[in-house]
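Its first residue numbered 654, the sequence shown is counted upward by one per residue in the numbering used here.
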Amino acid sequence: MRFAVSLLMFICVASIIGTVLPQNQVSATYIDQFGPFWYSLFDVFAIWHVYNSWWFLLIMAFLVVSTSLCLLRNAPKMVKDMRSFREHVRGSSLRAFHHKIETDSQQAVEASTGRVQQLLEKQGYKVKVRTDGDSRLIAAKKGSSNKLGYIFAHASIVVICVGGILDSELPVRLQVWLGGKAPITENMLIADVPESGRLSAANPSYRANMLVPEGGQSSHGIVSTGEGVLVQPLPFSIKLAKFDVEYYSTGMPSSFKSYVEVHDPDTDERFERVIEVNEPLRYKGVTVYQSSFDDGGSSVDFKAFPLTGTARDTFDVSSTVGERADITLNASTQPTPLRLEVSGLRVINVENLQVNADPQPRAVLEHVASVTGSATSTRQENLRNVGPSVQYRLIGADGQSYEYNNYMMPMVLDGGPVFLAGVRRNASDNYQYIRIPADTNSSLNAFMDLRAALNDPALRNEAAVAFAAENSSNPEQRALLESAAAGALEAFAAGGFNAILARVPDAERERFLSFAVPMIQLSLTRLRDIDRAARGLAPIDYEGTDGPRETQWLQQALLALANLTDYPAPVLLTPTNFNHIEASVFQVARSPGKNTVYLGCLFLVIGVFSMFYVRDRRIWVWVQPQGTGSHWLAAMTSQRRNLDFNHEFDRFQAAIKKLST
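Here is the structure:
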């Protein structure tokens, strides 16, 4: 039993790994996330597909054997104990019980026995009477089915594990090990896949994925195994005629469904079906689930803003979801090669635009637009459709990469329109967003010009001089202010507020920021005016009707610049246009062990209910002759002697004493 518990702990740890770490992804995803060294180490334990790893299946097999042996050894004893009344207990043993009663009665042994037996049967006990000379032992029991809980609970482990093994990748792996199948590790069309990369249509168990774009058709699923994939032929083909998404009034999707046409090549039969969540298609022993929806190859156009040095020139980038594009930044000075991989396009995004939200950095709701139905609540008044967003990954020459999520249109946060630029290290992290204020033309141009000016030492010095001249009353104070402003702007440009506070003690930081932040904000105001003047633009009028809006824009820009120093990309890509193509993602499964798992779950429910809600109680009443009357010695016990048991014993004690009088 200890061995079985140890195996269960291993399975729990493995399940945690399988839950936290996304499973069955391509190798490149894990290499980008962990690096080549850790990938090779983790790959030994196959944590990328924990539930089908050799050691996980081996543990399940050992658990089945161990628990089965435990059942075979202990179940007969438990059944025998359930049937036994334990009527051979002695009077001396009853006196050793904690819950015991002794009383005298004027009734004879026979009459006392009958009355006690009648009392116990009325309370639901099964009773057996043993005669020992002139004495009688009344043995009663109730709740003996409690031990069935242990039997059913342990049997459920066996049954569920057997069902899990049946529905695992074991049938597929056996074909790879013994049947000459070889997973495909390179890109190729399904028509070009050799016979060694195709599974049999009669494969008894598999779980495959199928992506079908609108207007497309497929009769094959993709099964991930080892370092590659295998093609699983289906006994029918599916054509996606239409993919439909329904939304709430707030713009949040409430459901999505696929209108498909199924073609059976054996009978040439064609019929239409609607596949949606919780309403799969079942045909010829295969179940097709509506797993999710994805992009079917949409094209996306970006405008690229450089984020290094004083560069201002933007350039256009075009790509397709699911494909790669190579871009080079600053090709004329210091070329920086980057690889762009667009992973997703979301046309609808419903986010929580809460008023008076916390200042930055703050992540808006992480993809609230999943089909959760939360927008049906009337209390979700802050949910808004904020338009399209694009997810992409930028891979540097060193192979390291981050994932980005940028919105196409500005949204109103903190009282002003801002663009959200999100970044995360890997898929298990939440996006961290930078709020970049939009200018009067709903673009990023004004902010990017201010960013470039902040990285120009000459313009920073001019801004520091202008700030000092504006806020000092004598030459000595002006020199000090000029030096402080220049140093603050230089540190702020290099590392944001963290760089400014690096040498300030923790106890002094709040006081230091109270004058450093206004100084930087006023210096940025002068810097913006100087930069605009250098480019032939009119200065900003902070006293006119647009003054409050411009002041707020500068405050938001200050926060964005502070966070931009931690942005890991040398370029910001903002989507400008797209051509959206929907695709439906199906999960195709043949699961012979499903009913076995259902049976195991039923056993588990019965077992847990029996163990926790059925209490095993036993009562012995030893009736001995005493003169013309009798002497009663009663004892009561249970496996769980808790407060409820004590109350029940008190009631039994009162009933016995009343019965004996």
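All residues carry an ideal CB built from backbone N, CA and C; glycine is no exception.
Simplified DSSP assignment, three categories, for residue i
| i | result |
| --- | --- |
| TYR1086 | strand |
| GLN1053 | coil |
| SER1313 | helix |
| LYS1247 | helix |
| ALA855 | coil |
| PHE1316 | Here the chain comprises residues numbered 654 to 1314, so residue 1316 is not present and cannot be evaluated. |
| LYS937 | coil |
| ASP758 | A small correction: the amino acid at residue 758 is Ser; Asp does not occupy that position in the sequence shown. Note: SER758 maps to strand in three-state DSSP. |
| SER877 | strand |
| PHE1239 | strand |
| PHE750 | coil |
| LEU1296 | helix |
| LYS800 | helix |
| LYS622 | Because residue 622 is not part of the residues shown, which for the chain are 654 to 1314, the question remains open. |
| PRO675 | coil |
Cβ of residue i within 8 angstroms of any chain D Cβ
| i | result |
| --- | --- |
| ARG999 | Here there is only one protein chain, and chain D is not present. |
Spatially closest choice to residue i from the options, by CA coordinates
| i | options | result |
| --- | --- | --- |
| THR1281 | SER719, ARG748, PHE687 and ASP787 | ASP787 |
| MET863 | GLU774, LEU1097 and SER911 | SER911 |
| ARG1037 | GLU774, GLN1053, LEU1066 and ARG1046 | LEU1066 |
| GLY1140 | LEU993, PHE1120, SER1125 and SER1263 | PHE1120 |
| VAL1071 | ARG1294, GLN1209, PHE1298 and ILE1048 | GLN1209 |
| ARG926 | PRO918, THR920 and ARG935 | ARG935 |
| GLY1052 | GLY1253, ASP696 and TYR683 | TYR683 |
| SER1176 | ALA1187, ARG1162 and ALA1146 | ALA1146 |
| LEU1180 | LEU1154, ASP1109, GLU848 and GLN1130 | ASP1109 |
| ASP1219 | PHE695, ILE712, VAL1276 and GLN1085 | GLN1085 |
| ASP1297 | TRP1273, VAL1276, ASP1269 and ALA1308 | ASP1269 |
| ASN705 | ALA894, VAL876, SER1054 and ILE1309 | VAL876 |
| PRO988 | ASN1002, ALA964 and THR973 | ALA964 |
| GLY777 | ASP1184, GLU763 and SER797 | SER797 |
| VAL666 | ILE712, VAL697, ILE1309 and ARG655 | ILE712 |
Cβ-based neighbour list, residue i, same chain, cut-off 6 angstroms, excluding 5 preceding and 5 following
| i | result |
| --- | --- |
| MET1101 | PHE958 |
| ARG860 | ALA1242 |
| ILE1173 | ALA1141 and PHE1145 |
| TYR1057 | TYR1045 and VAL1076 |
| MET1061 | GLY1040, PRO1041 and PRO1228 |
| ILE1193 | GLU1203 |
Rounded straight-line distance, which links the Cα of residue j to that of residue i
| i | j | result |
| --- | --- | --- |
| VAL898 | PHE968 | 35 angstroms |
| LEU1214 | GLY1189 | 24 angstroms |
| TYR809 | ARG726 | In the sequence as displayed, the identity of residue 809 is Ser instead of Tyr. Each residue's Cα considered, the two are about 16 angstroms apart. |
| GLN760 | ILE1259 | 44 angstroms |
| GLY767 | GLU774 | 11 angstroms |
| VAL1170 | GLU867 | 53 angstroms |
| VAL812 | VAL780 | 35 angstroms |
| HIS752 | SER1081 | 56 angstroms |
| ALA1222 | TYR1266 | 59 angstroms |
| PRO1041 | LEU1047 | 19 angstroms |
| VAL930 | MET1064 | 31 angstroms |
| ILE664 | VAL718 | 15 angstroms |
| SER944 | GLU1163 | 50 angstroms |
| TRP1275 | THR1290 | 15 angstroms |
Cβ-Cβ separation, residue j to residue i (assumed contact under 8 angstroms), whole Å
| i | j | result |
| --- | --- | --- |
| PHE909 | ALA1236 | Not quite, the Cβ-Cβ distance comes to about 12 angstroms (not below 8 angstroms), so this is no contact. |
| PRO1228 | PHE955 | 6 angstroms |
| GLY1148 | ASN1216 | The Cβ separation is near 11 angstroms, so there is no contact. |
| ASP1124 | LEU1133 | Correcting the residue identity first, residue 1124 is Asn in this sequence and not Asp. 11 angstroms between Cβ atoms; not a contact. |
| GLU914 | LYS937 | With 8 angstroms as the limit, GLU914 and LYS937 do not qualify as a contact, their Cβ atoms being about 16 angstroms apart. |
| ARG1088 | LEU1212 | 7 angstroms |
| ASP785 | SER1313 | Actually they are not in contact, since the Cβ atoms of ASP785 and SER1313 sit about 20 angstroms apart, beyond 8 angstroms. |
| ILE754 | VAL769 | Not a contact, Cβ separation roughly 11 angstroms. |
| LEU982 | LEU993 | Contact flag wrong, Cβ pair sits at about 11 angstroms. |
| LEU716 | LEU660 | 4 angstroms |
| VAL882 | PRO824 | So it is not a contact: roughly 16 angstroms between Cβ atoms. |
Cutoff 7 angstroms; reference residue i; Cβ partners in own chain excluding five residues on either side
| i | result |
| --- | --- |
| ILE843 | HIS873 and VAL884 |
| HIS807 | THR720, CYS723 and LEU724 |
| ASN1232 | SER951 and SER952 |
| ALA854 | PRO886 and PRO888 |
| SER871 | MET863, VAL865, SER890 and ILE891 |
| ALA1099 | ASP1092 |
| ASN610 | Outside the modelled stretch of the chain, which goes from 654 to 1314, sits residue 610, for which no answer is possible. |
| ARG1293 | ARG1268 |
| LYS1310 | THR756 |
Contact set for residue i: own chain, Cβ-Cβ below 8 angstroms, skip 5 residues either direction
| i | result |
| --- | --- |
| ALA1010 | Any reading at ALA1010 is ruled out, since the residue's pLDDT is 41, under 50, leaving its predicted position unreliable. |
| SER985 | The predicted model places SER985 with a pLDDT of 47, which falls under 50 and marks its position as unreliable; any figure quoted below should be read in that light. None. |
| ASN1114 | ALA1139 |
| SER652 | Because the chain in this structure spans residues 654 to 1314, residue 652 falls outside the shown range and cannot be described. |
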